[in-house]
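Everything below concerns the one structure shown next.
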Amino acid sequence: MFTVGSDLSGVFITGLYGSGKTSVAAEMAETLERIGVPYGAVDLDWLTWFEVPGLDQAALDRVYLENVTAMVENYRQAGVKRFIFAGSVASRDEVAAVEAAAGILLRTVRLTASPEVIEERLRADPVSGRINDLETVRRWIVEGAGLDVGDLVVTNDGRPIQETAREILDWLGWLRAP
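As structure tokens, then:
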């Protein structure tokens, strides 16, 4: 159920692993905090970071989306007006599932970066799982996964992160307090 006629809005920052989604979302959050806009920022990967042996994909997806619903409701009750979600998705259907769970219409931004920059970023991360992410990136590039996602496409390949965040916030019209 979407909140119609409310002053709530949300953005889903997506892109390949290593494209800078979490960093851009964090910079957007810092900017909103400085100007006094109530916001909630969530790296969606963290809402799926759990393991229960034998749990099938449908059950994992259910827990993930219930986490989104609960988190959004808690933030809304606290007074949050702007929601920033960051996560890699392969299709618009995945964004639609988060949108439905959140109950907020989401605008989507797909970050891009060159394969060389992505590889450099992922290899520099000390967490061993980032090598798995690099394999996913390679597969998604071949498959063209996620290319249909994004109301706005922004290159995040070497300019300061503040510029990327500002471009998105300008596009959203969020740089003024509600």
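Position one of the sequence shown corresponds to residue 1095 (my numbering), numbered consecutively onward. Note that CB positions come from ideal geometry on N, CA and C, so glycine has one too.
- For residue 1174, no beta strand (DSSP E) segment is defined, and its DSSP state is neither H nor E.
- Going by DSSP, residue 1262 is part of the alpha helix (DSSP H) stretching over 1255-1266.
- In the displayed model, residue 1223 falls within a helix according to three-state DSSP.
- Sorting 1221, 1236, 1208, 1138 by C-alpha distance to the C-alpha of residue 1191 places 1138 at the top.
- In this structure, residue 1205 and residue 1105 do not form a Cβ contact; the two beta carbons are roughly 12 Å apart against a cut-off of 8 Å.
- About 5 Å separates the CB atoms of residue 1107 and residue 1180; that is less than 8 Å, so the two are in contact.
- Contact holds between the segment 1244-1254 and the segment 1197-1213, because three or more Cβ pairs, one in each stretch, are under 8 Å apart.
- Residue range 1186-1196 is occupied by the alpha helix (DSSP H) that includes residue 1194.
- Residues 1141, 1142 of the same chain have their beta carbon placed closer than 7 Å to that of residue 1158, with the five preceding and five following residues left out of the count.
- Under the three-state reduction of DSSP, residue 1119 is assigned to helix.
- Annotated three-state conformation of residue 1218 is helix, per DSSP.
- Contact between the segment 1156-1176 and the segment 1125-1137 is present, with at least three C-beta pairs closer than 8 Å.
- By the C-beta density criterion, residue 1121 is buried, having at least 16 other C-beta atoms within 10 angstroms.
- Every alpha helix (DSSP H) of 4 residues or more that sits fully in the segment 1101-1168 is shown, in chain order, as 1115-1128.
- When only Cα atoms are considered, residue 1186 and residue 1241 end up about 9 Å apart.
- The same chain holds no residue with a CB closer than 7 Å to that of residue 1150 once the five nearest residues on each side in sequence are set aside.
- Taking a 10 Å sphere around the C-beta of residue 1102, we find 16 or more other C-beta atoms and assign the residue as buried.
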